[in-house]
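The sequence shown begins at 1 in the UniProt record's numbering and counts up by one.
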Amino acid sequence: MPRKATKSTGAPASRSSSKRPAPDVPARQSKRARAAIRKSYVEPESDTDNEDRPKKVQLSNGDYDDDEGVASDYEEHSDKDPSSESEPDETATDDDIESKRPTPRGRTTKNLPIHKKAADEKELWRPGAKLAPGTQLVIKKPKARDAGDTPYLDHTIHPNTMLFLKDLAANNDRQWLKLHDPDFRVSFQDFITFAEKVSDKIIEADETIPELPVKDVIYRIYRDIRFSKDPTPYKTYFSAAWSRTGRKGPYAHYYVQVQPKGGSFVGGGFWQPDATTLAKLRRDIDRKPHKFKAVLTDAGIREAFLGGVKDDEKKAVKAFTSLSMNQSNALKRNPKGYDHDHKDIELLRLRNFTMGRKLTDDEIVGVGGLERVGELVANMVPFITYLNSIAMPDDDTSDSSDGDGSDAEPDNDSGAAEDDEA
1 MPRKATKSTG
11 APASRSSSKR
21 PAPDVPARQS
31 KRARAAIRKS
41 YVEPESDTDN
51 EDRPKKVQLS
61 NGDYDDDEGV
71 ASDYEEHSDK
81 DPSSESEPDE
91 TATDDDIESK
101 RPTPRGRTTK
111 NLPIHKKAAD
121 EKELWRPGAK
131 LAPGTQLVIK
141 KPKARDAGDT
151 PYLDHTIHPN
161 TMLFLKDLAA
171 NNDRQWLKLH
181 DPDFRVSFQD
191 FITFAEKVSD
201 KIIEADETIP
211 ELPVKDVIYR
221 IYRDIRFSKD
231 PTPYKTYFSA
241 AWSRTGRKGP
251 YAHYYVQVQP
261 KGGSFVGGGF
271 WQPDATTLAK
281 LRRDIDRKPH
291 KFKAVLTDAG
301 IREAFLGGVK
311 DDEKKAVKAF
321 TSLSMNQSNA
331 LKRNPKGYDH
341 DHKDIELLRL
351 RNFTMGRKLT
361 DDEIVGVGGL
371 ERVGELVANM
381 VPFITYLNSI
391 AMPDDDTSDS
401 SDGDGSDAEP
411 DNDSGAAEDD
421 EA
């Protein structure tokens with residue numbers, strides 16, 4: 001016999017029943033669905049609710065507080081489920097849930113701190129410099145100095161060029177030069193046009209010097225500081241050199257330098273020649289010293305570069321070997337292959353064969369500067385001609401070699417290792 005049902009399935013459960021009635025909303029409902037049930041914090045109230053609700057007191061800031069101390073409707077309630085602290089509020093809107101979503105791992109956001117360093121003119125112009133919000137920086141576009149009443153001419157050095165070189169010596173820095181780039185370009189162009197006119201003077205005085213592009217005789221203003229203890233990046237002067245191959249090559253050079261405060265200079269010769277060239281010069285002085293001494297006793301050379309000494313070989317040689325540019329790296333002892341009691345040992349000890357003359361600012365700046373440089377170059381021609389005839393002889397001047405015609409051995413020690421005196 002079938003068993004009768006002890007409980008009616010359709011009848012609602014009584015209050016005394018031990019089982020709780022099933023909720024209208026499933027317990028495992030999605031967060032978004034549960035959030036959509038209540039669209040706002042405040043629900044419409046009935047008349048009975050208004051009667052039963054405790055009275056609220058208005059605070060000084062405009063909010064309301066009830067008798068039970070509950071916060072305002074727009075503040076969070078403290079009746080959250082402790083187990084769901086890491087989850088968004090069930091009563092939040094869709095926008096709130098979207099904003100409270102955790103950031104994906106490995107993609108944390110960073111708020112860069114505001115650069116609070118004191119404003120520095122040398123730094124704010126840099127690309128990428130940061131300013132505080134609301135700060136405006138205005139940097140005027142740099143302009144070159146006004147030429148004033150003195151125009152720029154091709155055959156003169158303008159006073160502004162000297163002023164720029166003075167400022168560069170006081171501010172030998174890349175940042176400063178970038179801010180004064182117009183001054184640099186105008187001053188450097190002024191020297192280039194002057195060097196072109198000097199080229200004409202040199203070609204007129206020495207027919208062995210060819211007409212070369214100005215870029216082959218002008219030196220750059222940048223210093224090579226790779227092996228230097230001086231970290232300054234720029235030279236404080238403009239300079240150029242002329243030879244049969246321009247500023248580079250194995251030939252003796254004419255040299256012109258423009259520098260303020262009496263640093264301008266006109267000179268020439270061999271500055272630290274290679275070992276082969278130095279050996280050739282020493283051999284010729286050893287075998288035919290009269291040739292070089294005849295050059296040193298030339299009237300123009302003695303007057304312009306040797307202090308106006310008398311026409312005497314010994315005095316001319318003494319004046320030449322005593323020049324600071326030649327004494328700066330001369331040997332202290334006799335070079336290899338030569339006796340310490342050689343009659344021309346002072347000439348054989350030299351490693352520089354140069355001469356020159358310094359000019360004041362008044363001598364180089366203005367209309368008379370080019371003529372003064374041209375005169376000094378013309379007086380130096382016999383000296384440069386002699387050096388080239390020994391270092392790089394032409395076919396018809398091979399008589400400078402002697403006897404067997406073999407070249408002397410290069411002085412590989414170049415003064416670093418010298419023979420001791422006997």
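For every residue, glycine included, the Cβ atom is placed at its ideal position computed from N, Cα and C.
Since we're looking at a predicted model, the values are computed, not measured.
Continuous beta strand (DSSP E) stretch holding residue i: start and end
i: D307; result: The sequence as given places Gly at residue 307; Asp does not occur at that position. Careful: G307 lies outside any beta strand (DSSP E) and carries neither H nor E.
i: H155; result: Careful: H155 lies outside any beta strand (DSSP E) and carries neither H nor E.
i: A241; result: F238 to W242
Whether residue i touches residue j by CB criterion (8 angstroms)
i: F194; j: I157; result: yes
i: V198; j: V365; result: no
i: L306; j: A319; result: yes
i: T150; j: G262; result: no
i: H342; j: N334; result: yes
i: D190; j: Y219; result: no
i: D274; j: R247; result: no
Alpha carbon of residue i to alpha carbon of residue j, nearest angstrom
i: T397; j: P382; result: Annotation note: pLDDT 44 at T397 (below 50); position unreliable, no value reported.
i: A378; j: L179; result: 40 angstroms
i: Y386; j: Y251; result: 11 angstroms
i: F270; j: N352; result: 6 angstroms
i: H155; j: D200; result: 11 angstroms
i: A279; j: Y237; result: 32 angstroms
i: P182; j: A144; result: 5 angstroms
i: H253; j: G128; result: 47 angstroms
i: residue 460; j: M392; result: Since the first residue of the chain shown is 1 and the last is 422, residue 460 is not available in this structure.
i: Y338; j: L350; result: 13 angstroms
i: S400; j: H340; result: Any answer about S400 is weak, because its pLDDT of 41 lies below 50 and its placement is not dependable; what the coordinates show is given next. Rounded to whole angstroms, S400 to H340 spans 25 angstroms at the Cα level.
i: D230; j: K315; result: 37 angstroms
i: F227; j: L137; result: 39 angstroms
i: P142; j: W176; result: 11 angstroms
i: T277; j: S389; result: 11 angstroms
i: T297; j: D311; result: 6 angstroms
i: I301; j: G308; result: 8 angstroms
i: I221; j: F188; result: 9 angstroms
i: D362; j: R287; result: 44 angstroms
i: P159; j: E371; result: 17 angstroms
i: V256; j: G134; result: 53 angstroms
i: D146; j: V367; result: 19 angstroms
i: V295; j: D394; result: 19 angstroms
i: A299; j: I384; result: 15 angstroms
i: I202; j: E196; result: 10 angstroms
i: G148; j: L168; result: 21 angstroms
i: L163; j: A132; result: 37 angstroms
i: N171; j: G369; result: 27 angstroms
i: S264; j: M380; result: 17 angstroms
i: K291; j: P210; result: 26 angstroms
i: K336; j: G249; result: 26 angstroms
6 angstroms CB neighbourhood of residue i in its chain, flanking five on each side removed
i: K293; result: E313
i: L347; result: I285
i: K166; result: P260
i: L212; result: G246
i: T321; result: E346
i: T161; result: S187 and D190
i: D344; result: I285 and P289
Residue range of the alpha helix (DSSP H) that includes residue i
i: H290; result: P289 to L296
i: residue 482; result: Any question about residue 482 goes unanswered here, given that the chain covers just 1 to 422.
i: M355; result: Careful: M355 lies outside any alpha helix (DSSP H), inside the beta strand (DSSP E) at F353 to L359.
i: F194; result: D181 to A205
i: N171; result: Unbroken run through N171: none, as it is neither H nor E.
i: F383; result: G369 to A391
i: S324; result: S324 to Q327
i: I345; result: I345 to L348
Close-in-space but distant-in-sequence residues of the same chain around residue i (CB under 7 angstroms, 5 per side omitted)
i: R174; result: P233
i: L376; result: V266, A304 and R357
i: R223; result: T232, P233, Y234 and K235
Proximal residues to residue i (C-beta, below 8 angstroms), its chain only, five neighbours per side dropped
i: T354; result: G267, G268, G269, F270, W271, L323, M325 and N326
i: I192; result: V214 and I218
8 angstroms Cβ cutoff, residue i in contact with chain C
i: E204; result: Among the chains in the structure shown there is no chain C, since it carries only a single protein chain.
Counting Cβ pairs closer than 8 angstroms, one from the segment 242-257 and one from the segment 195-214, do we hit at least three?
The segment 242-257 vs the segment 195-214: in contact.
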